[in-house]
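Following: one structure in C-alpha cells, then a few remarks.
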Amino acid sequence: MGEREPPDADRVAMPPGLDTSRAIPTFSGCYKVGTGGFSLAYSVEDQVEFGTLLVVVWDEGAGERIWQRTYDFVPRRGQVVLEGFVLPSYITSVGFQVTWSGCGVIFTRFNVFVVLDAPKMPMDPAWVSVLRISCQWARGESTPDGAASALTQKLWENGHYNGGRPGYTRYFRDPNGWPVDDGERFYLRAFLDDPWFPYGQCNDFANFLICLITSISNPTNKARRTHQLLFTDAANFRTNWITPAGQSPTKAEWTYHQFVSTNRVWDGCLTFGEGIFVIGMEFNGYKAGLVEVILRYDWQSAPPAGWFVPEVSAISADQIPPWPWAN
C-alpha cells in the first residue's frame, strides 16, 4: 500500500551479487531467518581469466565473523555455492565482503537483512532505509512479539515528539470534503530525512512503528485513533501522567491520539508515567492508562470498523501538501 522506495535510494533486490562494472556494485537482500542454500553470482573485469574468490560473512550487530570460504582458481565470471552457510535464527543484518584476487585485487561489500518472514504491507516491498533501522533495533529477536516490543521501545528511546504540531501525515477526505477515518498518507521518505529523526506527532510515530514492524514481517500492522477526525476540532480528553518521546513527564489535553493495535496495543510515542512502555498492552488497560478524564467526546475508536494500514509515500518534504489533507 503506497509507493516503493525512491529510485535514487538503495533498494532490496535478490539475490545480491558481485559486479564490479557497476558504480554501485551490489544491492542489499532481505531473507528469512535460518535460510540456507545460497549461491553468489559474480562478474569481475580483470586481465586474467582465473583467480581466487574470498567470501567473508559477519554479523554486523555483534561484529563477529560467522562464515568464510576461499574459492581457488575460479573464472572471473561465474557463480559459487556458499556451502554450509545458513543465516542466523534471529533478526540482524549480515555483512558480506567478497574479494577477488587475480591480476589485481578487487573487493565489494553488501548487506543481507535477516527478518522473520516476508515483509508485509505497507513494507512490501520493504525499504532498505527502514530495514537498516528495524534490523538494528530488533537485533537478536526471534519472535514477532519480541521484535515488536524491541522496536516500540527503541522508537520511544530515540524519538522526539513534536508536541502535536503538523508532521509527516495527511488525511483523506471524501468527495463532499468530509474527513475519512479508515486511512491516511504517511510521507515516509520525508520523515526519514528529518534532521531530528525520528521526529513527529503521534500519527507519524504510529505509522513509522507499523513500517518497522511489518518490515520484519510481524503481523501487528494496523493503526487506530482514540477519536474520529470529525470530532477533533477541540480537546477531547486529558491524559494521565505520560512521558512523550524526548520530553519530560506531563499531562496533556489532546483532541485524539493514534497508536498501533490489533488485539493488543503498541505505542512508541509515549510511556505511561516515567517508564511504563506500551508493548503488547491489553486494550482496556491502555485506555485506562492513557485517559484521566474525558473533556468532551468519549473514546470513539476510529475508524469505527477497527483499524487501517497507512499508505506510504516516497516524495520529499518540499513536496508534501499543506496540512491537513493528502487529497
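All residue numbers in the sequence shown are consecutive under my numbering, ending with 534.
Where a beta carbon is used, it is the ideal one built from N, C-alpha and C, also for glycine.
Beta-carbon proximity of residue i to residue j, cut-off 8 Å
i, j, result
"P426", "F415", "no"
"T359", "F484", "yes"
"A442", "T457", "no"
"L477", "A512", "no"
"S508", "R431", "yes"
"Q435", "D505", "no"
"S250", "R284", "yes"
"A355", "G482", "no"
"W535", "L437", "Here the chain comprises residues numbered 208 to 534, so residue 535 is not present and cannot be evaluated."
"G270", "L362", "no"
"I313", "W307", "yes"
"S424", "D324", "yes"
Three-state secondary structure (DSSP) of residue i
i, result
"I298", "coil"
"P386", "strand"
"E255", "A small correction: the amino acid at residue 255 is Val; Glu does not occupy that position in the sequence shown. V255 falls in the coil class under three-state DSSP."
"L502", "coil"
"W514", "coil"
"T421", "helix"
"Q286", "strand"
"D401", "coil"
"D266", "strand"
"F245", "coil"
"Q526", "helix"
"A413", "helix"
"F444", "strand"
"F393", "strand"
"F280", "strand"
"I231", "With a pLDDT of 32 at I231, under the threshold of 50, the predicted position of this residue should be treated as unreliable, and no value is reported."
Beta-carbon contacts of residue i that lie in its chain and below 8 Å, excluding the five residues immediately before and after
i, result
"Y238", "M221, L294, V319, F320, V321, V322"
"T376", "E391, R392, F393, Y394, G407, Q408, N410, D411, N414, P517"
"F490", "S468, N470, R471, V472"
"S523", "R396, A397, D400"
"W530", "P373, R377"
"I449", "P456, T457, K458, A459, L477, T478, F479, G480, L497"
"P402", "none"
Nonlocal neighbours in the same chain, by C-beta distance under 7 Å from residue i, ignoring five residues either side
i, result
"W532", "R377, Y378, R380"
"P282", "E256, F257"
"N369", "Y406, G407, Q408"
"N534", "F379, R380"
"Q454", "Y368"
"A357", "W344, A345, E348"
"N365", "P405"
Spatial neighbours of residue i in its chain, beta-carbon cut-off 6 Å, leaving aside the 5 residues before and after
i, result
"H464", "C409, T433"
"V255", "G309, C310"
"S422", "P326, M330, A333, V337, L338, S341"
"T242", "L294"
"A459", "T446"
"Y278", "L260, V287"
"E267", "S300, G302"
"T350", "none"
"V519", "G209, P329, F393, L395"
CB contact check: residue i to chain B, cutoff 8 Å
i, result
"W403", "Given the protein chain composition of this structure (a single chain), no chain B is represented."
Note to self: I want to know whether the segment 281 to 289 touches the segment 242 to 250 - three or more CB-CB distances under 8 Å.
What the structure shows: yes
Check: Is it true that the segment 328 to 344 meets the segment 416 to 436, where meeting means three or more beta-carbon pairs spaced less than 8 Å apart?
Finding: yes
Checklist line | Inter-stretch contact at 8 Å, needing at least 3 Cβ pairs: the segment 490 to 505 / the segment 344 to 359 | finding: By the criterion of at least three beta-carbon pairs nearer than 8 Å, the segment 490 to 505 is not in contact with the segment 344 to 359.
Next item on the list: Kindly provide the ranges of any beta strand (DSSP E) runs that are 3 or more residues long and lie completely inside the segment 346 to 382, ordered along the chain.
Entry: 376 to 380
Checklist line | Inside the segment 301 to 349 only - alpha helix (DSSP H) runs reaching at least 4 residues | finding: 335 to 344
Margin query: Suppose only complete runs of 3+ residues qualify. What are the beta strand (DSSP E) ranges in the segment 457 to 511, listed by chain order?
Written below: 465 to 468, 471 to 479, 483 to 489, 498 to 501
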